[in-house]
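Line by line, the protein sequences are chains P and C. Positions 1 to 596 (our numbering) are the ones given, in order, by the first sequence. Positions 1001 to 1209 (our numbering) are the ones given, in order, by the second sequence. For every residue, glycine included, the Cβ atom is placed at its ideal position computed from N, Cα and C.
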Amino acid sequence: MTDAGRHPLIKLFTMSEVLDVKGYVGNFEARILKKARYVDENECTACGECAGVCPVVRPDEFNSGLSSRKAIFVPFPQAVPSAYVININECLGHNPSVCARCIEACDKGCINFHMSDEEIVEKVGTIVVATGLEPYDPAELDEYGYTRFENVLTSLEFERLINAGGPTGGEVIRPTDRKRPESIGFVQCVGSRSVRKGGNYCSNICCMNTIKATLVLKEHYPDMEVKVFYIDIRAFGKGFEELYARSRRLGVHYIRGLPGTVEQDTKNSLHVAVENTAIGKLEIYHLDMLVLAIGIKPAGSAQQLKEMLGLQLTADGFFLEAHPKLQPVDAATRGIFYAGCAESPKDIKESVTQASAAAARAIRLMHKGEIISEPITSEVIAEKCKSCGICADVCPYNAITVDVKKKKPAVVNIAACAGCGTCAAECPFDAITMNHFTDTQIINQVNALLGEKPKEKNLAFACNWCSYAGADYAGVSRLQYPPNVRIIRTMCSGRVDEKFIWEGFKKGAPVILISGCHIGDCHYIDANKWTERRVKKVHKKMAKLGIRPERLQLEWISAAEGVRFAEVMSNIEKLRQNVSDEEIAETIEILEKEKL
Amino acid sequence: MGMNLNVKEKAAREDKPRIGVYICHCGLNIAQTVDCPKVAELASHLGEVIISNDIDYACSEPGQQQIKDDIIKNELNRVVVASCSPRLHEATFRQMLKEAGLNPYLLEMANLREQCSWVHMNEHEAATEKAFDLIKMAVSRVRFLMPLQEETLPLTKRTLVIGGGVAGIQTALDLADSGFEVVLVEKKPSIGGTMAQLDKTFPTMDCSI
C-alpha cells in the first residue's frame, strides 16, 4: 500500500470518482471528480491532535461500526495517504462560535474549510477496472437473527473483532456482555448459492475465510468450542485442504446443514436449530456467538461504470470478460481490462494474479507507443454525396464533418470512427461505404441464405458485441434452439440498413430479426437508438403496405444472455410457422410493385 | 449480379476470386453433429471455390500450415474458415493469411460450433443443412471482401486504474514498476479496499496490509 502511495509514477486520487470517459483505445480522456478532503494531504502528518479535540463522535465504518471515530479522522492507522479527512456532513462547521476546534489544534495549519471539489481531466491509453466488491448485507435473511440479536455478527465484523488492530485489540468478546464467548458458530453461504436471497453463485472466499477464523480462534483460545454449519466445504486451492484438515484436527466441529432458525435465550445465548444432513437428524446447538460468513456482491458502481465505458455485466452483476478462458482479464472493449472482484468473487491471491495479468495485458498494448487500428471504418463516396449532413448527425463519435452550407462532401475522421456503420445505413444516397460491411457484402449474404427454401429460414442480424456474443454464449452453454435461424454479423445493429430488410422480405424471408445491445449498453455509445428508430419507421411502412409488422422483430440481447438468445430463437421460430406461403408471395409482390 | 458496386469493389472484383473453404471438425465438437466431409463436398461446387476441404483442427499448427500451403499452391486469394466463432479465432486466421502473403481482411469465418453444432446437438441433418447455408453465406460474402490497410495511431502510455483495493494496487505497481505512468482513482479517503479490513489471510495466515 505504501509503495503505491509513494511511487513516482503513480498519481493517486483518493475520495475521487470517474465522471466520464471519452475516446477510444490508446487515447481515452477521463474526467475525474476529486472531492474536498478539507485537510491538506501532503502537509498532514497524521499526528491526531485535531481528532483529540473534535466533539463529534460517530461509528467507525472501518471497524464495521464496532468502535467510534470523530468527524475528523484517519480511516485506519496504515491509511494511504496518511492524512486526516473531515466528513463535512458530520462536522459542526468552521464558524468559531460553533466549533472550529480542529483548526486551532493543528499547528501546521493543514485544515482548510475553503477547499472545494475539483474536476480533473487525465489522458490515458488503457483502463483497468478494479472496483472490487460489496459485502452482502444479511438483514434480509431474518432466520439467522442478524437484525434481532446483537451476538450475531457478520464475518467482516468478526474480522475486526479478532484483529489486533481492531476495536478490542484482538480480544474476541460478545457485544452484549463484553465477555469472551465459550462457544462460537459459523454459518456458511450467507447470501451465496441461494436462488432465494442473495446471489445464486458461490462467493469463493467464505469457506476458507471461516477456516482461517477457526484456526485463529483455536490458536488464541484452544478450549473454545467452535462449530461450522455448511453445505459443502470448498477447499480447492493450493494449501487449502491442509488448512481445513488442520482446523478439524484442532477440534473444530463441522456440521453439514444450514440453520433453520436461530433464537435467543435470557442469557443472550443463541439456540441454533439445524438439520444435520450427514445423519439426517434435527439438532439444536447452544452457542454464545454466531458469525455469518457473508458472500460477495458486485460493487454498487458497476452499473454506472458499465454504461460509461460500454462494458457488459453478467446476470450476477459482475463484469463480463471478453472470453471466459482465453481472455479472462480483457473487456470486450479494446484497451479495457479487469482485475479483482470486479470481474468475479475471488480471494487475495487470485486478485493479485489477475491484477498482474491486467497490467501485462495493458503493457502489451501500450509498450510500442502506437496502436494499430482496425481498418473497419466508413468512407464517403464524394461524387454521390449531396452534403445533407445526416451522417454527421447520426455519428455517435462526431467523426464526420459536412459543410452543409457550402455543399462540400462529407469527410470521415478515420481515427475517430469506431466502425458502427450507422452513417452508411442512414445515408439516403448510398454515398457512404462501411468497409468490411458493405451493402454488397451483406446483401450477398442475404441472397445466399434465401436462395433455397427461404420460407424455412429465419434471417437474423446480430451485433458483434452483444447479440452475436450472446449467441456464442448460448453455444458455450449448449442451449438447444430451433435450427432454422441464420445469423448475419454486423459490428453494430446500427449498420442494418433498411434495404437489407426489404431485400430479405423480397427474397421470401418469413421473419427477420434485428438484435443488438440493450439501450444504454451500445458498444458505440448510442448508435442502437438509430436502429430502434429505423425499425419503427420500417414497421410503419410495413403496416401501410399491408405486410404484418410482427414479421420484423427487434430484440436487445446482451453478451451474457445466452438463455434469452435461445428463447428469442424459439419465439421467432413460432412466428415463422404462422407465416403462410401465400403471405410470403403477397409480400414479394407488394415489394416488387413498390420497387423497394 | 444486379448489384451496384462502387469503384473500389469493382477493382477488387477484377482480381478474380479464387476461394479456399475449410470445414473444421474441431475434434468432435463440430464433427459429431455436422457431416463435415459432406459439407466440404457440397461447398466445392460453389462458384469460384477452388478448393474445399474438411480438416481436423483448422487452428492447430498443421491445420494452419495446410491452409497456407494451399493458398500458395493454388493461388487462393480468399479464404473461408468454417469453425468456431470469429470472436474466438478471427485474429488467428487473419494472421495466417498474412503469413501466406494475403491481406488479412480477405478472410471470412462461418460459425459452425457456437452457433450450429453446439446448439443443435440432436439434429444432425438440420445442423448439416444449416452449416452448408452458413458456408454459402460466407462464400458469397468473401467474394466481395476487399483488402484493407491497417493504420497506426499514436497512443498515450498511461493507465487509469479505477479502484484502489488489492487488485488496483497490484496493477498500479506492476505498471509503474515497468515504467508506465498510472492514474489510480479511489473513492474512499484511503486505498486498501476490503483487504485492509481483514486480519490474517489464508493460505499463509499472515497480515493483510
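inquiry  = DSSP three-state label for P:L320, please.
reply    = Position 320 of the first sequence, counting from 1, holds the residue named residue 320 of chain P. Taken through DSSP and simplified to helix, strand or coil, P:L320 comes out as coil.
query = Can you list the beta strand (DSSP E) stretches of 3 or more residues lying completely in the segment 467-550 of chain P, in chain order?
reply = Secondary structure remark: continuous beta strand (DSSP E) runs of at least 3 residues inside the segment 467-550 of chain P, in chain order: 485-490 and 511-516.
request  = Indicate whether at least one CB of chain C lies closer than 9 Å to the CB of P:K368.
outcome  = For the purposes of this step, residue 368 of chain P is identified with residue 368 of the first sequence, where counting begins at 1. Cβ-Cβ to chain C under 9 Å: yes for P:K368.
inquiry  = In this structure, how does DSSP classify P:R334 when only helix, strand and coil are distinguished?
reply    = Here residue 334 of chain P corresponds to residue number 334 of the first sequence, with the count starting at 1. If DSSP states are grouped into helix, strand and coil, P:R334 belongs with coil.
key: Paired residues, beta bridge with P:G237 - DSSP   = Taking the first sequence and counting its residues from 1, the one referred to as residue 237 of chain P is at position 237. BP columns for P:G237 are empty, so no partner.
query = In chain order, what residues of the same chain have a beta carbon less than 6 Å from the beta carbon of P:G260, not counting five sequence neighbours either side?
reply = Translated into positions along the first sequence, residue 260 of chain P becomes position 260. Same-chain partners within the cutoff: A273.
request  = State the beta-bridge partners of C:L1107 as determined by DSSP.
outcome  = On the second sequence, position 107 is the one that residue 1107 of chain C refers to. Under DSSP, C:L1107 forms a beta bridge with C:V1079.
request  = Check whether the segment 429-446 of chain P touches the segment 522-529 of chain P, taking contact to mean three or more Cβ pairs, one atom from each stretch, closer than 8 Å.
outcome  = Output reads no: the segment 522-529 of chain P does not touch the segment 429-446 of chain P.
query = Can you tell me the Cα-Cα spacing of P:F500 and P:L554, whole angstroms?
reply = Along the first sequence, one-based indexing puts residue 500 of chain P at 500. Along the first sequence, one-based indexing puts residue 554 of chain P at 554. Using only the alpha carbons, I get a separation of about 14 Å.
Residues near P:L290 in its chain [Cβ-Cβ closer than 6 Å; skip 5 each side] = Looking up residue 290 of chain P in the first sequence gives position 290. Excluding positions up to five away in sequence, the list reads V152, G185 and L270.
query = Who are the Cβ neighbours of P:C50 in its own chain at under 7 Å, not counting the five residues just before and after it?
reply = Residue 50 of chain P sits at position 50 when you count from the first residue of the first sequence. Result list for P:C50: I72, Y84, C102, A105, C106 and I111, in chain order.
ask   = Shortest alpha-carbon distance to C:F1202 belongs to which of P:V228, P:T176 and P:L243?
value = The residue you call residue 1202 of chain C lines up with position 202 of the second sequence. Of the listed residues, the one whose Cα sits closest to C:F1202 is P:L243.
task = Assign P:A115 to one of three DSSP states: helix, strand, or coil.
result = Within the first sequence, numbered from 1, the residue matching residue 115 of chain P stands at position 115. For the record, residue 115 of chain P in the displayed sequence is Met; it is not Ala. DSSP places P:M115 in coil when its eight states are reduced to three.
request  = Return the residue from the list C:G1163, C:N1077 and C:T1156 that minimises the CA-CA distance to P:E134.
outcome  = Along the first sequence, one-based indexing puts residue 134 of chain P at 134. The closest CA to that of P:E134, considering only C:G1163, C:N1077 and C:T1156, is found on C:G1163.
query = Would the beta-carbon of P:Y144 fall within 9 Å of that of P:L292?
reply = One-based indexing of the first sequence puts residue 144 of chain P at position 144. One-based indexing of the first sequence puts residue 292 of chain P at position 292. With a cutoff of 9 Å on beta-carbon distance, P:Y144 and P:L292 are scored as near each other.
query = Under 7 Å Cβ-Cβ, which residues of chain C neighbour P:N414?
reply = As a first step, residue 414 of chain P is located in the first sequence; it is residue number 414 there, counting from the start. The identity of residue 414 of chain P in the sequence shown is Ile, whereas the question assumes Asn. Residues of chain C whose Cβ lies closer than 7 Å to the Cβ of P:I414 are, in chain order, E1151.
task = Put P:C463 into one of helix, strand or coil per three-state DSSP.
result = The sequence position of residue 463 of chain P within the first sequence is 463, counting from 1. The answer is strand: DSSP assigns P:C463 an E or B state.
request  = Let me know the secondary structure DSSP gives P:D60 once reduced to three states.
outcome  = By 1-based counting over the first sequence, the position of residue 60 of chain P is 60. P:D60: coil per DSSP, three-state reduction.
CA-to-CA distance, P:A392 to P:D581, given in whole angstroms = Looking up residue 581 of chain P in the first sequence gives position 581. Looking up residue 392 of chain P in the first sequence gives position 392. In a straight line, the C-alpha of P:D581 is about 42 Å away from that of P:A392.
query = Measuring CB to CB, does C:T1171 end up less than 9 Å from P:A245?
reply = The sequence position of residue 1171 of chain C within the second sequence is 171, counting from 1. The sequence position of residue 245 of chain P within the first sequence is 245, counting from 1. In this structure, the beta-carbon distance from C:T1171 to P:A245 does not fall below 9 Å.
query = Grouping DSSP H, G and I as helix and E and B as strand, with all else coil, what is P:M224?
reply = As a first step, residue 224 of chain P is located in the first sequence; it is residue number 224 there, counting from the start. Secondary structure at P:M224: coil, using DSSP grouped into helix, strand and coil.
ask   = Can you pull the DSSP bridge partners for P:Y244?
value = Residue numbering aside, residue 244 of chain P sits at position 244 when the first sequence is read from its first letter. Answer is none; P:Y244 lacks a bridge partner.
Same chain, Cβ closer than 6 Å to P:A460, five either side skipped, listed in chain order = Your numbering for residue 460 of chain P matches position 460 in the first sequence. Beyond the five residues adjoining it in sequence on each side, P:A460 comes within less than 6 Å, by CB distance, of V485, I487 and L513 in the same chain, given in chain order.
message = By the 7 Å beta-carbon criterion, what residues does the segment 1102-1121 of chain C contribute toward chain P?
response = If the cut-off is 7 Å between Cβ atoms, the segment 1102-1121 of chain C has Y1105, R1113, E1114, Q1115, W1118, V1119, H1120 and M1121 near chain P.
request  = Have a look at P:S373 and C:L1153 and give me their C-alpha separation to the nearest angstrom.
outcome  = Stepping through the first sequence from its first residue, residue 373 of chain P is reached at position 373. Stepping through the second sequence from its first residue, residue 1153 of chain C is reached at position 153. The alpha-carbon atoms of P:S373 and C:L1153 are separated by roughly 7 Å.
request  = Classify C:M1001 as helix, strand or coil using the three-state DSSP reduction.
outcome  = Numbered from 1 along the second sequence, position 1 holds the residue referred to as residue 1001 of chain C. With a pLDDT of only 39 at C:M1001, under the threshold of 50, the placement of this residue in the model should not be trusted, and no figure is reported.
ask   = Among P:L552, P:T176 and P:K281, which has the Cα closest to the Cα of P:L66?
value = Translated into the one-based positions of the first sequence, residue 66 of chain P becomes position 66. For P:L66, the closest of P:L552, P:T176 and P:K281 by C-alpha to C-alpha distance is P:T176.
query = Just the Cα atoms here: how many angstroms apart are P:K536 and P:L9?
reply = Stepping through the first sequence from its first residue, residue 536 of chain P is reached at position 536. Stepping through the first sequence from its first residue, residue 9 of chain P is reached at position 9. The alpha-carbon separation between P:K536 and P:L9 amounts to approximately 52 Å.
query = For P:A273, which residues does DSSP report across the bridge?
reply = By one-based count along the first sequence, residue 273 of chain P stands at place 273. Beta-bridge partners assigned by DSSP to P:A273: P:T261 and P:I284.
Beta carbon proximity, C:P1017 to chain P, threshold 9 Å = For this step, residue 1017 of chain C is matched to residue 17 along the second sequence. So, not an interface residue.
query = How many angstroms separate the CA atom of P:P510 from the CA atom of C:A1082?
reply = Counting from one through the first sequence, the residue named residue 510 of chain P turns up at place 510. Counting from one through the second sequence, the residue named residue 1082 of chain C turns up at place 82. Answer to the nearest angstrom: the Cα atoms are 26 Å apart.
P:W556 - partner residues in DSSP beta bridges = By 1-based counting over the first sequence, the position of residue 556 of chain P is 556. Partner(s): P:G516.
task = Measuring only between beta-carbons, confirm whether P:T266 sits less than 9 Å from chain C.
result = Counted from its first residue, the first sequence places residue 266 of chain P at position 266. Residue-level contact by beta carbon fails for P:T266 and chain C, as no gap is shorter than 9 Å.
key: Local conformation of P:A278 per DSSP, three classes   = Here residue 278 of chain P is taken as the residue at index 278 of the first sequence, counted from 1. In the structure shown, the three-state DSSP call for P:A278 is coil.
inquiry  = What does the Cβ neighbour count give for C:T1194, buried or exposed, with the cut at 16 atoms within 10 Å?
reply    = To locate residue 1194 of chain C, count along the second sequence from 1; it is residue 194. Buried, by the Cβ-count rule.
task = Could you tell me how far apart the beta carbons of C:R1158 and P:G125 are, in whole angstroms, since I believe they sit closer than 8 Å?
result = If you number the second sequence from 1, residue 1158 of chain C lands on position 158. If you number the first sequence from 1, residue 125 of chain P lands on position 125. Distance from C:R1158 to P:G125 at the Cβ level is roughly 6 Å; contact confirmed, criterion being Cβ atoms closer than 8 Å.
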